[in-house]
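Novice:
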Amino acid sequence: MRTNKRQTIRRPDVRSLKIQPKMRFNEYSQKKVPEIKLCGNWMQKLGFEFGERVIVTCMPNLLIIRPIEQ
Numbered sequence: 001m002r003t004n005k006r007q008t009i010r011r012p013d014v015r016s017l018k019i020q021p022k023m024r025f026n027e028y029s030q031k032k033v034p035e036i037k038l039c040g041n042w043m044q045k046l047g048f049e050f051g052e053r054v055i056v057t058c059m060p061n062l063l064i065i066r067p068i069e070q
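Quick note on numbering: UniProt numbering labels position 51 of the sequence shown as 51, and the sequence is numbered without any gaps.
Below, the structure written as structure tokens:
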């Protein structure tokens with residue numbers, strides 16, 4: 001049986017960020033590594049809070065960042 005209830009599908013917010021070079025130094029050498037900075041009120045609106053820890057799931061060309069559930 002078909003229902004007439006409509007589900008609202010929320011589109012994800014899309015952000016464009018630039019990958020910056022960051023210098024990493026150690027006792028013997030220095031090298032550039034890629035860095036992405038995430039900051040802004042939009043993060044808090046999405047549920048990320050100060051001092052909270054996150055899990056980063058890494059796959060080729062994809063990062064998923066989510067809060068650690070406690």
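We put the beta carbon where it would ideally sit given N, CA and C, even for glycine.
Identify which residue in Glu35, Asp13, Gln30 and Arg15 has its Cα closest to the Cα of lysine 22.
Specialist: Counting from 1 along the sequence shown, the entry for residue 22 is found at position 22. Looking at the Cα atoms, Glu35 is the closest of the given residues.
Novice: Isoleucine 68 and glutamate 49: beta carbons closer than 9 Å?
Specialist: In the sequence shown, counting from the first residue as 1, residue 68 sits at position 68. In the sequence shown, counting from the first residue as 1, residue 49 sits at position 49. Not closer than 9 Å, so no.
Novice: Within the continuous alpha helix (DSSP H) that includes glutamine 44, where are the two ends?
Specialist: Position 44 of the sequence shown, counted from the start, is the residue given in the question as residue 44. Glutamine 44 -> alpha helix (DSSP H) spans 41–45.
Novice: Going by DSSP in three states, glutamine 30 sits in which element: helix, strand or coil?
Specialist: Here residue 30 refers to the residue found at position 30 when the sequence shown is read from its first residue. Here glutamine 30 sits in strand by DSSP.
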